[in-house]
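Numbering (this note's numbering), first residue to last: 138 to 552. Cβ atoms here follow ideal geometry from the backbone N, Cα and C, with glycine treated the same way.
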Amino acid sequence: MASDRFLRCFLLLILLSGPALVTASSSIGINYGQIANNLPSPDDVVPLVKSVGATRLKLYDADPGVLRAFAGTGVEFTVGLGNEYLARMRDPAQALAWLKSNIQPYLPSTKITCITVGNEVLTLNDTSLTADVLPAMQGLQGALAKLGLDDQVTVTTPHSLAVLETSYPPSAGAFRQDLAAPLTEILKFQAKVGSPFLINAYPFFAYKANPRQVPLDFVLFESNPGEVDPSTGLHYDNMLFAQIDAVHSALASLGFRNLTLHISETGWPSRGDADEGGATPENARKYNGNLMKIMAQKKGTPMRPNGDLNVYVFALFNENMKPGPTSERNYGLFKPDRTPAYTPACAIVLNGCSDAGGNGTIPSKSGSPPLAATTPASTSTSSSTGYLSVSSGVERCCSAQTLFVLCLATIKLLF
């Protein structure tokens, strides 16, 4: 169909390479956030996801509409359980009830492979929540075993990069001393059940905080001199890989060298406020496109050159009800009307796709017309409650502490 060819052209633009990358891109994961009042229905999202070749989606809740819509598609899902549920999941009976209501009914038609318990809990500095994370993970794991699902569904929890106390050089990466004890117990559990360690990493925050000292090419995977780790002699030509290897070092320092690491969130906004100069369509295209290009090349990090890159890009759509600066509402690969978020650059490619036609929207699975774009709502109307509410589509939050750690690490790396 013409609109399908349009999306293929857009993907070529994003990947900045040839057709071979369209196939390779099938390994990319995408975060499917829903803090918005103008998103297409899950049924209409299915053909969009298929068109870009994504085979993995990550939710911030266990949205039944989404899980039903993707039944039989083969798309692999990570579903989320919000911070406010953690205390309840300590109770095996409640953990079992939650799984029976939110996971079991959709298996095996919908391929659910992972449950994230809370979001960036350890860096919220909430001792009660921190104390609940591991028992909640254990409660869900035990309930999965009772249902005979523990071989197909794993349990983990995402962390902010602010769990690191030292990130430069990457070989000296270490977790915060005050978090070492709870992290060690969580890591022991994850090593036992075989679940991945999740980190949310955003080089954009470091550039936004100090654009005069952080080279844009270094954070966008563009050509640059890079930096050499003085302890290992390893060369780093982008910030994300330096961050990933710092986490690898931190894990190794606690005795978990072989634990699988996934980047559960990373991305770049296509629009921002006046003090967010790096938030442009061109930079978003470069960041996401170059990242996908590297992944398609099966290129690991300097410390793990033969290791797989497991990355979830943030996000599928722009979300008009997210609080915070303008950038927070503009991380999407797509606008809510299902057209690409980077339209100025995309027009160049469309000129080379004479059979694309139309307005570039994906046909509706239900046959209904595409949703019209809606003016972003004021952040004051957001239903988010400090990113703790599952019903609001809980998503990431970059705290001041996270920014401080990222900026400090960046300045050390560059100077």
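Beta-carbon gap between Q289 and T250 smaller than 8 Å = For the purposes of this step, residue 289 is identified with residue 152 of the sequence shown, where counting begins at 1. For the purposes of this step, residue 250 is identified with residue 113 of the sequence shown, where counting begins at 1. Result yes, Cβ atoms of Q289 and T250 sit closer than 8 Å.
Neighbour-count burial assignment, V365, 16 or more Cβ in a 10 Å radius | In the sequence shown, the residue the question calls residue 365 occupies position 228. Exposed is the call here.
Touch test, the stretch 214-222 against the stretch 190-197, Cβ-Cβ under 8 Å, three pairs minimum | Taking a contact to require three or more Cβ pairs closer than 8 Å, the stretch 214-222 and the stretch 190-197 qualify as touching.
Could you round the C-beta distance between R227 and P272 to whole angstroms and report it? I think they count as a contact, below 8 Å.
-> In the sequence shown, the residue the question calls residue 227 occupies position 90. In the sequence shown, the residue the question calls residue 272 occupies position 135. Contact flag correct, Cβ pair sits at about 4 Å.
Three-state secondary structure (DSSP) of A555 = Look at the range of the chain in this structure, 138 to 552, and you will see that residue 555 is not part of it.
Given 8 Å as the limit, is there contact between the stretch 303-323 and the stretch 396-408, that is, 3 or more CB pairs closer than that?
-> no
The alpha helix (DSSP H) enclosing G202, as first and last residue numbers = Start at 1 with the first residue of the sequence shown, and residue 202 comes out as number 65. Unbroken alpha helix (DSSP H) run through G202: P201 to A206.
Could you tell me which residues DSSP pairs with S304 in its beta bridges?
-> As a first step, residue 304 is located in the sequence shown; it is residue number 167 there, counting from the start. Its beta-bridge partners do not exist; DSSP assigns none.
Spatially closest choice to R562 from S188, V189, V182 and A191, by CA coordinates | For residue 562 there is no data in the structure shown, the boundaries of the chain being 138 and 552.
Inter-stretch contact (C-beta, 8 Å, three-pair minimum) for the stretch 439-451 and the stretch 167-176 | yes
Is the stretch 412-420 in contact with the stretch 333-349, if contact means three or more CB pairs nearer than 8 Å?
-> yes
Beta-carbon proximity of T253 to A299, cut-off 8 Å = Along the sequence shown, read from residue 1 onward, the residue named residue 253 stands at position 116. Along the sequence shown, read from residue 1 onward, the residue named residue 299 stands at position 162. No, they are not a contact pair.
State buried or exposed for G404, treating a residue as buried only when at least 16 other CB atoms are found within 10 Å of its CB.
-> Start at 1 with the first residue of the sequence shown, and residue 404 comes out as number 267. Counting Cβ neighbours within 10 Å, G404 comes out buried, since at least 16 surround it.
Stretch-stretch touch, CB-based, cutoff 8 Å, three pairs: the stretch 278-286 with the stretch 316-325 | no
Nearest CA to the CA of A224: which residue from P242, T267, F207 and V212?
-> Here residue 224 corresponds to residue number 87 of the sequence shown, with the count starting at 1. With distances taken between CA atoms, A224 lies nearest to T267 out of P242, T267, F207 and V212.
If we ignore side chains and look at the alpha-carbon of each, how far apart do G437 and A328 end up?
-> Locating residue 437 in the sequence shown gives position 300, counting from the first residue. Locating residue 328 in the sequence shown gives position 191, counting from the first residue. Answer to the nearest angstrom: the Cα atoms are 22 Å apart.
For E456, count neighbouring Cβ atoms within 10 angstroms of its own Cβ and tell me buried if that reaches 16, exposed if not.
-> Numbered from its first residue, the sequence shown carries residue 456 at position 319. Buried, since its Cβ has 16 or more Cβ neighbours within 10 Å.
How many Å lie between V356 and L284 at the Cα?
-> Position 219 of the sequence shown holds residue 356. Position 147 of the sequence shown holds residue 284. Annotation: V356 to L284 spans about 44 Å, alpha carbon to alpha carbon.
So the beta strand (DSSP E) S401 belongs to, where does it begin and stop?
-> Sequence index remark: in the sequence shown, residue 401 carries index 264 (1-based). It spans L398 to T403 - the beta strand (DSSP E) in which S401 sits, taken as one unbroken run.
Residues bridged to P295 (per DSSP) = Counted from its first residue, the sequence shown places residue 295 at position 158. Its beta-bridge partners are L335.
Does DSSP classify L525 as helix, strand or coil?
-> On the sequence shown, position 388 is the one that residue 525 refers to. Only weak support is given to the placement of L525: the predicted model assigns it a pLDDT of 20, under 50, and the value that follows is read from those uncertain coordinates. Coil.
So which of P245, Y339, G469 and E213 has the shortest CA-CA distance to S297?
-> Position 160 of the sequence shown holds residue 297. Checking every option, the nearest Cα to that of S297 belongs to Y339.
Per-residue burial, P367 [other beta carbons within 10 Å of its own, 16 or more giving buried] = Walking along the sequence shown from the start, residue 367 turns up at place 230. With fewer than 16 Cβ atoms within 10 Å of its Cβ, P367 is classed as exposed.
L371, DSSP secondary structure in three states | Locating residue 371 in the sequence shown gives position 234, where the first residue counts as 1. If DSSP states are grouped into helix, strand and coil, L371 belongs with coil.
Are A421 and S407 closer than 8 Å when you measure CB to CB?
-> The residue given as residue 421 occupies position 284 in the sequence shown. The residue given as residue 407 occupies position 270 in the sequence shown. Yes, the Cβ-Cβ distance between A421 and S407 is below 8 Å.
Any idea what DSSP makes of N220, helix, strand or coil?
-> What you label residue 220 is simply residue 83 of the sequence shown in a count that begins at 1. Reduced to three states, the DSSP call for N220 is helix.
What three-state label does DSSP hand P245 in the structure shown?
-> As a position in the sequence shown, residue 245 is number 108, starting the count at 1. It is coil, neither helix nor strand.
Taking all protein chains shown into account, do 16 or more other C-beta atoms lie within 10 angstroms of the C-beta of K325, making it buried, or fewer, making it exposed?
-> Taking the first residue of the sequence shown as 1, we reach residue 325 at position 188. With fewer than 16 other Cβ atoms within 10 Å, it is exposed.
Measure the CB-CB distance between V330 and T294 and report whether it falls below 8 Å.
-> As a working mapping, residue 330 is identified with position 193 in the sequence shown. As a working mapping, residue 294 is identified with position 157 in the sequence shown. Taking 8 Å as the Cβ cut-off, V330 and T294 do not qualify as a contacting pair.
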